[in-house]
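**Q** In the numbering used here, the protein residues as written are 1188 to 1510. Even for Gly, the Cβ is constructed at its ideal location relative to N, Cα and C. I'd like to ask you about the structure that follows.
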């Protein structure tokens, strides 16, 4: 396949018009049209919806665009590998969902930079539902996020993702209710918890969705007094005694406010979850960096000591969600 056709595909998508792509590449508009048509003939798919303005890729065009970017990125380092025997020093783009962002600490990034000093690392945080499409389009190389029984990964079951996307489980965790450690009378049931002030993350967060499912099963609803967009802020608000929350156990253990938190002893109020690393097919150098980051994250997630107070002696027992 002619790489010039792949470059044309990318230019048309980014300029959102054949005319803009022609100006960018220094070609005539008919030449741009012919290149796109050759790609469409070769793939057997219409790659752009020509009825819309600005021009937009079709679903097949989005897939072709992701693959074109990936192929060109990998080819760009071919000459350097052959000449020097070393990998190119290209960028590595990683998406980090809000739910796992506290795991990516400055210490982890410093260690990664120490191991790969010539790698340009780009981190982008957001909701998993925003980042997963970027991974599928090839705009990021990997996505650090979580997978849990009810909503899967950003609402998508892992089995429904393209086979080209690799899912690497890093470690297991639990979603648990938390409260301030100095509470002399902590809630011991969902009904009692619903009567207390709750600090929630925004709609669309898996922690909030699972909490709502649990409350609904008991015929109650939570009384949110505060909605925050950052997991660290939620945990710190709970530690300060502002209210209660539902969040990930390990993040509480790693938080600087761990000693001021308690994991509440509430029956049937824990869900299993996994922290996972999603990866697109990539060059050897990118894979090496991603392997290194995965190792560092796994080590950072298992601190030897933690000051968190456990109000439940069942916190380490396995738990399965009711059907």
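In this structure, does DSSP put residue 1394 in helix, strand or coil?
**A** As a first step, residue 1394 is located in the chain shown; it is residue number 207 there, counting from the start. In this structure, residue 1394 counts as helix in the three-state DSSP scheme.
**Q** If we require 4 or more residues per run, which alpha helix (DSSP H) segments fall completely within the segment 1202-1255?
**A** Complete alpha helix (DSSP H) runs here, min 4: 1205-1212, 1216-1230.
**Q** Less than 8 Å between the beta carbons of residue 1333 and residue 1486, yes or no?
**A** Taking the chain shown and counting its residues from 1, the one referred to as residue 1333 is at position 146. Taking the chain shown and counting its residues from 1, the one referred to as residue 1486 is at position 299. No, the pair does not count as a contact, with Cβ atoms beyond the cut-off.
**Q** At what residue ranges does the segment 1390-1442 contain a whole run of the alpha helix (DSSP H), taking only runs of 4 or more?
**A** 1393-1404, 1418-1426, 1436-1441, all fully within the segment 1390-1442.
**Q** If you count every other CB in all the chains shown that lies within 10 Å of the CB of residue 1238, and 16 or more means buried, which is it?
**A** Within the chain shown, the letter at position 51 stands for residue 1238. With fewer than 16 Cβ atoms within 10 Å of its Cβ, residue 1238 is classed as exposed.
**Q** Thinking C-beta only, is residue 1377 closer than 8 Å to residue 1407?
**A** For this step, residue 1407 is matched to residue 220 along the chain shown. For this step, residue 1377 is matched to residue 190 along the chain shown. Cβ distance < 8 Å, so residue 1407 and residue 1377 count as in contact.
**Q** Could you check if residue 1454 is buried or exposed, using at least 16 other CB atoms within 10 Å of its CB as the buried criterion?
**A** Start at 1 with the first residue of the chain shown, and residue 1454 comes out as number 267. Per the 10 Å Cβ criterion, exposed.
**Q** Give the single residue among 1352, 1428, 1404, 1287 whose Cα lies nearest to the Cα of residue 1254.
**A** If you number the chain shown from 1, residue 1254 lands on position 67. Residue 1254 has its Cα closest to that of 1352, out of 1352, 1428, 1404, 1287.
**Q** Is it right to say residue 1190 is buried, meaning 16 or more other beta carbons lie within 10 angstroms of its own, or is it exposed?
**A** In the chain shown, residue 1190 corresponds to position 3, counting from 1. That one is exposed.
**Q** If you follow the alpha helix (DSSP H) that residue 1385 is part of, which residue opens it and which one closes it?
**A** Translated into positions along the chain shown, residue 1385 becomes position 198. Where residue 1385 is concerned, there is no enclosing alpha helix (DSSP H), although the beta strand (DSSP E) it sits in stretches over 1384-1387.
**Q** Does DSSP put residue 1343 in a helix, a strand or coil?
**A** Within the chain shown, numbered from 1, the residue matching residue 1343 stands at position 156. The answer is strand: DSSP assigns residue 1343 an E or B state.
**Q** Select from 1447, 1399, 1382, 1215 the residue whose C-alpha is nearest the C-alpha of residue 1366.
**A** In the chain shown, counting from the first residue as 1, residue 1366 sits at position 179. Among 1447, 1399, 1382, 1215, the Cα nearest to that of residue 1366 belongs to 1447.
**Q** Could you check the C-alpha separation between residue 1466 and residue 1322 for me, to the nearest Å?
**A** Position 279 of the chain shown holds residue 1466. Position 135 of the chain shown holds residue 1322. Rounded to the nearest angstrom, the two C-alpha atoms are 8 Å apart.
**Q** Mind reading off the beta-carbon distance from residue 1451 to residue 1414? Whole number of angstroms is fine, and I expect it under 8 Å.
**A** In the chain shown, residue 1451 corresponds to position 264, counting from 1. In the chain shown, residue 1414 corresponds to position 227, counting from 1. At roughly 20 Å, the Cβ-Cβ gap does not stay under 8 Å, so residue 1451 and residue 1414 are not in contact.
**Q** Kindly indicate which three-state DSSP category residue 1365 falls into: helix, strand or coil?
**A** Working through the chain shown from its first residue, we reach residue 1365 at position 178. In the structure shown, residue 1365 sits in a strand (DSSP, three-state: E or B).
**Q** Which class does residue 1327 belong to by DSSP, given the choice of helix, strand or coil?
**A** The residue labelled residue 1327 in the question sits at position 140 within the chain shown. Here residue 1327 sits in coil by DSSP.
**Q** Would you identify the three-state DSSP class for residue 1457, choosing helix, strand or coil?
**A** As a working mapping, residue 1457 is identified with position 270 in the chain shown. Residue state, collapsed to three classes: coil.
**Q** Using 8 Å as the threshold, is the segment 1425-1435 in touch with the segment 1312-1328, meaning 3 or more CB pairs across them?
**A** Flag = no, the segment 1425-1435 and the segment 1312-1328 do not touch.
**Q** Please say whether residue 1335 and residue 1460 have beta carbons closer to each other than 8 Å?
**A** The residue you call residue 1460 lines up with position 273 of the chain shown. The residue you call residue 1335 lines up with position 148 of the chain shown. Cβ distance < 8 Å, so residue 1460 and residue 1335 count as in contact.
**Q** Cutting at 8 Å between CB atoms, please list the residues of its own chain near residue 1251, excluding the five before and the five after it.
**A** Here residue 1251 corresponds to residue number 64 of the chain shown, with the count starting at 1. Excluding positions up to five away in sequence, the list reads 1196, 1226, 1230, 1232, 1234, 1244.
**Q** With a threshold of 7 Å on Cβ separation, who are the neighbours of residue 1211 within its own chain once the five nearest residues in sequence on each side are excluded?
**A** Sequence index remark: in the chain shown, residue 1211 carries index 24 (1-based). Result list for residue 1211: 1198, 1202, in chain order.
**Q** Over the uninterrupted alpha helix (DSSP H) stretch that includes residue 1311, give me the two end residues.
**A** Position 124 of the chain shown, counting from 1, holds the residue named residue 1311. Taken as a continuous stretch (DSSP letters only), residue 1311 belongs to no alpha helix (DSSP H), being part of the beta strand (DSSP E) at 1307-1313.
**Q** Name the DSSP bridge partner or partners of residue 1464?
**A** For the purposes of this step, residue 1464 is taken as residue 277 along the chain shown, with counting starting at 1. Answer is 1331, 1355.
**Q** Output the distance between the C-alpha atoms of residue 1275 and residue 1472, rounded to the nearest integer angstrom.
**A** Along the chain shown, one-based indexing puts residue 1275 at 88. Along the chain shown, one-based indexing puts residue 1472 at 285. At residue 1275, the pLDDT of 43 sits below 50, so the modelled position is not reliable and the matter cannot be decided from this model.
**Q** Please list, in chain order, all residues of the same chain as residue 1258 whose beta carbon is under 7 Å from its beta carbon, the five residues on each side excluded.
**A** Position 71 of the chain shown, counted from the start, is the residue given in the question as residue 1258. Answer for residue 1258: 1193, listed in chain order.
**Q** In the DSSP output, what is residue 1278 paired with across the bridge?
**A** As a first step, residue 1278 is located in the chain shown; it is residue number 91 there, counting from the start. Paired residue(s): 1307.
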